[in-house]
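What follows is a set of notes on a single structure, which appears directly below.
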Ligand SMILES: NC(=O)c1ccc[n+]([C@@H]2O[C@H](COP(=O)([O-])OP(=O)(O)OC[C@H]3O[C@@H](n4cnc5c(N)ncnc54)[C@H](OP(=O)(O)O)[C@@H]3O)[C@@H](O)[C@H]2O)c1
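Residue numbers (the numbering used here): -7 to 312.
Next up, the structure:
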């Protein structure tokens, strides 16, 4: 039997900012046949739009489909990158307890709001709590809220599976109910981990953030997660620091970039977006940050998507 998928009506989020909740106006559409019978399919889904450049999450909150990653950015660099992103129209920032730069992200957000006249509700900030914090999750969440110092947090993820992860997630659920966090999700959870985890929790994760790039594509895992009504976001979209040169100089990517008059980075990020994957490339460079936001003036053909798909090597660039 085909299950029903609840999709948010597009015009509702054409009218709203990114940190705002969609009108509770919904319509039912059929799930694609191949996902209709997926175990765990939820009554609410997400809606990803290249027209509005936003994804409306299963939590009802809207998130930009492209943003900035801040892994390995030191304090001053991070403040600058966040402000550069916000000055140039970007509205999504990813940080984590483990990056030791939540204060810098908060500072960048507050300064940009004041200097560029941006409302807090337009900005979407993600942070993560680490497995070493799972045995005292309330302390971890309160610390993140305090370090960021931007009122509510748009989204908190569990950074990795680990001991007491269900307990930590349940604490996140309570903060959602209290309105201090809008949406919650997971990072580095794959199919087996999700199958074990999801029956133990109440609020469906809005997002899973995993390693994805042309050399590690997750062609099975991504549609599986998406079929659950959970949005997918990729880390190391450009291969990660230390690996970018090979990927950006890959002859297939370079030839597609030349055909469109764009950069290799833009081709890779656009390939993600056309798979319905949210991108958060990390950068300390103003020109790169601007370039990474400029992903909507060209489209990859099916043949070009296939050529990039054929580059997959199942080559992870980190241990988790
Ligand atoms: N959940 C997890 O476990 C996890 C793990 C790793 C990362 N993450 C998140 O994912 C984000 C992205 O990953 P990442 O930053 O490590 O790696 P990445 O985005 O794959 O690559 C970042 C590298 O790409 C370069 N770069 C960025 N834009 C470019 C462009 N347009 N042209 C040429 N080079 C460009 C950057 O150099 P410049 O600084 O010179 O621009 C930097 O060296 C992280 O920042 C973090 O927020 C999450």
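Cβ coordinates follow ideal geometry from the N, Cα and C atoms, glycine included.
Asked	Found
C-alpha gap between residue 91 and residue 97, whole angstroms	11 Å
Distance cut-off 7 Å: residue 274 Cβ against heavy atoms of ligand 1	yes
Identified DSSP bridge partners for residue 226	202 and 271
Residue-level contact to chain D via CB, residue 237, 8 Å cutoff	In the displayed structure, chain D is absent; only one protein chain is listed.
Closer than 7 Å: residue 186 CB and nearest ligand 1 heavy atom	no
Cβ pair count under 8 Å reaching 3, the stretch 145 to 156 against the stretch 119 to 126	yes
Span separating the alpha-carbon of residue 48 from that of residue 84	13 Å
Residue from 285, 280, 266 and 279 whose Cα sits closest to the Cα of residue 294	266
Proximity winner among 133, 139, 142 and 141, relative to residue 148 (alpha-carbon distances)	133
Reduced DSSP secondary structure (H/G/I, E/B, other) of residue 153	coil
C-alpha gap between residue 115 and residue 142, whole angstroms	10 Å
8 Å Cβ shell around residue 103 - same chain, five flanking residues per side excluded	71 and 75
Residue 47 in three-state terms, based on DSSP	strand
Cβ-based burial, residue 179 [other Cβ within 10 Å; buried from 16]	buried
Given 8 Å, three or more beta-carbon pairs between the stretch 238 to 254 and the stretch 296 to 303	yes
Simplified DSSP state of residue 22, which is helix, strand or coil	Because the pLDDT of residue 22 is 32, which lies under 50, any placement of that residue in the model is unreliable, and the question is left without a value.
Enclosing beta strand (DSSP E) for residue 62 [first to last residue]	Segment: none, residue 62 is in no beta strand (DSSP E) and carries neither H nor E.
Assigned secondary structure, residue 181 (DSSP; H/G/I helix, E/B strand, else coil)	coil
Any non-hydrogen atom of ligand 1 closer than 7 Å to residue 283 Cβ	yes
heavy atom of ligand 1 below 7 Å from residue 124 C-beta	no
Presumed contact (8 Å Cβ cut-off) between residue 192 and residue 268, rounded CB distance	So it is not a contact: roughly 27 Å between Cβ atoms.
Closest by C-alpha distance to residue 252, when choosing among 286, 202, 77 and 232	286
Paired residues, beta bridge with residue 40 - DSSP	47
Whole-angstrom distance between residue 240 and residue 107, CA atom to CA atom	34 Å
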